[in-house]
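The structure under discussion appears below in the form of structure tokens.
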Amino acid sequence: MKLHSNPIDMDVRRALPVELINAQARSPLLFVCEHASNYIPPELHNLGLSDSARHSHIAWDPGALEVARHLGELLQARVIASPVSRLVYDCNRPPDSPDAIPARSEHYDVPGNRDLTAAQKAARVRTYYTPFHDLLAQQIAQAPGPQVLVTIHSFSPVYAGRTRETEVGVIHDSDHRLADQLLARLLAKGDRQVRRNDPYGPQDGVTHTLLTHAISNRLLNVMLEIRNDLITAATAQRQMAEWLAGSLVQALADLGIQLHAGETNAIPH
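Here the numbering used here is used: the sequence shown runs in plain steps of one and ends on residue 251.
Shown next, in the form of structure tokens:
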């Protein structure tokens, strides 16, 4: 299966530690894509990986950025994305996590992450993690009114030899307000396999962004995991965003947050 390249792979964006899309949007929604790109800076020499490894799911979340961008367009919302591979630095992990700069992912060794010195690790944190989370905190602090944080990810249909039947995972940590309402709306459609905290949950350490920026600030939040074979093509990416957007608007309305006409574009129901 060939996965489409992502629009963040433009030279002008590769030098950026973080990208803000739709900066002038005024919706309370803020979408985050921590694993938007498989780009590895030239000075890291591809981390010693083969071409197949660099284009596989271990390096990024295929299709996630495109879904996030479409959601941003549909709901007139800001999108914050990391322009480098999660193997360079996983912005959904704290600096003290071994998974922040993994030396092995699934069955792939990552030679360029092996035996790094404390100074080398600190440089990655300073270059990628800190600007990403500083911008996210700034966007939350500066925006008026209540904020809603939604992170967008994708996962592989087969992992470590195990087939995954889940198509969309609704992930939450201790605050499950938005997850509950969104799950109810998505399950009511009955057209996809939607599950709570699957294929990952808080026990897997995947809620760092939610904990750091949403739960600590008492913001509504949820993490969405989409099986990447469902979002390989541009048409499928937009359709997935449309499928999610309507239910997200309804879920927020259930929680007392109304998105006004000026904060949404046409969303098919």
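Even for Gly, the Cβ is constructed at its ideal location relative to N, Cα and C.
- In the three-state DSSP reduction, residue 136 falls in the strand class (E or B).
- Under the 8 Å Cβ criterion, the region 84 to 93 counts as touching the region 32 to 46, having at least three qualifying pairs.
- DSSP, reduced to helix, strand and coil, places residue 145 within a strand of the structure shown.
- When beta bridges are read from the DSSP output, residue 234 appears opposite no residue.
- One Cα belongs to residue 123, the other to residue 133, and the distance between them is close to 18 Å.
- For residue 63, the enclosing beta strand (DSSP E) starts and ends at 60 to 63.
- Apart from sequence neighbours up to five positions away, the residues of its chain that approach residue 237 with a beta-carbon distance below 7 Å are 159, 160, 163 and 202, ordered along the chain.
- As the crow flies, the alpha-carbon of residue 175 is around 29 Å from that of residue 69.
- In terms of Cα proximity to residue 188, the closest of 233, 23 and 205 is 205.
- The secondary-structure analysis by DSSP pairs residue 153 across a beta bridge with 205.
- Annotated three-state conformation of residue 3 is strand, per DSSP.
- Relative to residue 50, the option among 239, 220, 228 and 231 whose CA is nearest is 220.
- No residue range can be given for residue -2, since it is assigned to no alpha helix (DSSP H) and is classified by DSSP as neither H nor E.
- Ranked by Cα distance from residue 53, the options 142, 235 and 225 are led by 225.
- Fully contained in the region 92 to 131 are the following alpha helix (DSSP H) runs of length 4 or more, in chain order: 100 to 106 and 112 to 124.
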